Amino acid sequence: MKRVEAIIRDEKLSGAKEALKALGVAGMTVTEVKGHGTQKGVTEVYRGRQYSVDLLAKIKIEAVVDDNDVKKVTDAICEVARTGSIGDGKIFISNIEDCIRIRTGESGAKAI
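In my numbering, the protein residues as written are 18 to 129.
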């Protein structure tokens, strides 16, 4: 099992959710996050004053998927979230040792 964490633009969330649902991803966690990468934020003007916003609003989607589905999931997220501009986001993949469904006590792939 792998955990796929995607940090994407907030306006791309609905497309990413639909893409994952179409692939049969059973569940996901969505979190509003702030941060910056290469972009280092933006400069904006508000009421005539210029100020720097160094932490930009993003969305983090987390899903645990079977090892065989990682490529399909990451490709789907990339296709939906890509604009070609700086700030499109990142995808992180990590190993999951086990998963336990609290309600039934099932573990492993059955619990996903």
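C-beta atoms are modelled at their ideal positions from N, C-alpha and C, and glycine is treated no differently. Computed from a predicted model, the values in this text were never measured in an experiment.
Mapping DSSP to helix, strand and coil, what is residue i?
{"i": "residue 2", "result": "Residue 2 falls outside the range modelled here, since the chain spans only 18 to 129, and no answer is possible."}
{"i": "residue 80", "result": "strand"}
{"i": "residue 49", "result": "strand"}
{"i": "residue 91", "result": "helix"}
{"i": "residue 40", "result": "coil"}
{"i": "residue 73", "result": "strand"}
{"i": "residue 61", "result": "strand"}
Just how far apart, CA to CA, sit residue i and residue j?
{"i": "residue 49", "j": "residue 74", "result": "7 Å"}
{"i": "residue 121", "j": "residue 96", "result": "36 Å"}
{"i": "residue 115", "j": "residue 34", "result": "24 Å"}
{"i": "residue 62", "j": "residue 126", "result": "50 Å"}
{"i": "residue 27", "j": "residue 104", "result": "11 Å"}
{"i": "residue 85", "j": "residue 57", "result": "35 Å"}
Would you please state the rounded distance, in angstroms, between the beta carbons of residue i and residue j? I believe it to be under 8 Å.
{"i": "residue 51", "j": "residue 30", "result": "Not a contact, Cβ separation roughly 15 Å."}
{"i": "residue 101", "j": "residue 25", "result": "Their Cβ separation, rounded to whole angstroms, is 14 Å, which puts residue 101 and residue 25 out of contact at 8 Å."}
{"i": "residue 45", "j": "residue 98", "result": "Not quite, the Cβ-Cβ distance comes to about 14 Å (not below 8 Å), so this is no contact."}
{"i": "residue 129", "j": "residue 108", "result": "Rounded, the Cβ-Cβ distance is 19 Å, inconsistent with contact."}
{"i": "residue 113", "j": "residue 124", "result": "Incorrect: roughly 11 Å between the Cβ atoms, too far for contact."}
Buried or exposed: residue i, going by 16 or more other Cβ atoms within 10 Å of its Cβ?
{"i": "residue 43", "result": "exposed"}
{"i": "residue 47", "result": "exposed"}
{"i": "residue 90", "result": "buried"}
{"i": "residue 76", "result": "buried"}
{"i": "residue 70", "result": "exposed"}
{"i": "residue 23", "result": "buried"}
{"i": "residue 78", "result": "buried"}
{"i": "residue 39", "result": "exposed"}
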